[in-house]
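Step one of this worksheet: look at the structure below.
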Amino acid sequence: MEKNAMKRGLYSGGAMEAIEFPFFPSNGLRLRRKIENWLHEFQKLPYISPYDDFSNLDPDSDIAEKRLVGFLHELLALFVEHSAERRKLFCLKKHFGLPQKVHKAFERHPHMFHLSFRNKTCSVILKEAYCDESAIENHPILRVRKKYIKLMKESKVILRNKRVNGRFSNCSEKLDLDSNDLDERELHMADCSSEQAA
Numbered sequence: 021m022e023k024n025a026m027k028r029g030l031y032s033g034g035a036m037e038a039i040e041f042p043f044f045p046s047n048g049l050r051l052r053r054k055i056e057n058w059l060h061e062f063q064k065l066p067y068i069s070p071y072d073d074f075s076n077l078d079p080d081s082d083i084a085e086k087r088l089v090g091f092l093h094e095l096l097a098l099f100v101e102h103s104a105e106r107r108k109l110f111c112l113k114k115h116f117g118l119p120q121k122v123h124k125a126f127e128r129h130p131h132m133f134h135l136s137f138r139n140k141t142c143s144v145i146l147k148e149a150y151c152d153e154s155a156i157e158n159h160p161i162l163r164v165r166k167k168y169i170k171l172m173k174e175s176k177v178i179l180r181n182k183r184v185n186g187r188f189s190n191c192s193e194k195l196d197l198d199s200n201d202l203d204e205r206e207l208h209m210a211d212c213s214s215e216q217a218a
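Take 21 as the starting number for the sequence shown in our numbering and just add one per residue.
In structure tokens, the structure reads:
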């Protein structure tokens with residue numbers, strides 16, 4: 021968050037300096053005037069880095085909430101897909117000293133976080149990573165992960181084609197997994213594979 025604000029020239033690195041969170045409103049999302057005014061005032065509050073000491077903050081203050089939102093933003097930006105299951109994030113409350121009502125941050129800031137209820141699982145997605153691709157750099161592992169998924173899909177197709185073409189049908193002996201004569205079975209399987217190769 022701070023690094024991106026410095027790139028844009030909006031932040032000089034001073035203590036108690038305000039950084040505005042990037043907003044990405046959803047289509048059809050209409051907020052009441054009172055809530056919009058609160059959000060604009062919220063943006064003007066000083067930004068407390070997630071890496072700084074926060075023990076002197078009042079947990080019920082708006083500054084503490086801005087620190088919490090900044091922490092969640094930073095945490096989701098570190099993940100490969102910039103999303104996580106909400107219940108798994110709740111497990112981190114104790115370790116990071118987060119308040120009891122962490123879930124309220126996702127509901128109160130719909131311009132920053134998207135809640136997805138796919139496959140009966142509630143996931144939190146950082147909107148900035150998908151709406152402004154230049155804002156957050158792609159994780160280096162993401163390219164490897166996509167390539168792995170592509171290879172797995174290709175191997176599934178290759179195996180299905182091999183089964184359909186009958187390459188495995190020439191060796192018709194049923195394997196008895198309970199028998200102890202492994203050497204004979206391995207020899208027979210080697211014979212079958214050499215017949216297929218020929």
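Every residue gets a Cβ at the ideal spot worked out from N, C-alpha and C, and that includes glycine.
According to the DSSP assignment, phenylalanine 126 belongs to the alpha helix (DSSP H) that extends over 123-128. For glutamate 85, the number of other beta carbons within 10 angstroms of its own is at least 16, and it is reported as buried. Under DSSP, histidine 134 shares a beta bridge with Ile145.
Around the Cβ of glutamate 174, a 10 Å sphere holds fewer than 16 other Cβ atoms; the residue is exposed.
By the criterion of a C-beta distance shorter than 8 Å, lysine 113 is surrounded in its chain by Pro119, Gln120 and Val122, once the five residues flanking it on both sides are discounted.
Beta-bridge pairing by DSSP links alanine 104 to Val144.
Residue burial is scored here from C-beta neighbours: lysine 147 has at least 16 other C-beta atoms within 10 angstroms and is therefore classed as buried. Here arginine 87 is buried: its Cβ has 16 or more other Cβ atoms, across all protein chains shown, within 10 Å. The closest CA to that of arginine 107, considering only Val89, Phe126 and Ala149, is found on Phe126. For leucine 118, no alpha helix (DSSP H) segment is defined, and its DSSP state is neither H nor E.
Listed in chain order, the non-local C-beta contacts of tryptophan 58 below 7 Å within the same chain number zero, local neighbours out to five positions each way being set aside.
By alpha-carbon distance to histidine 115, the top candidate from Leu98, Val144 and Phe91 is Phe91. Per DSSP, lysine 167 is one residue of the alpha helix (DSSP H) stretching across 160-185. The beta-bridge partner set that DSSP reports for alanine 38 consists of Pro66. One thing to note: methionine 172 has its Cβ no nearer than 9 Å to the Cβ of phenylalanine 41. Shown here, arginine 52 sits in coil according to DSSP, grouped into three states, outside any helix or strand.
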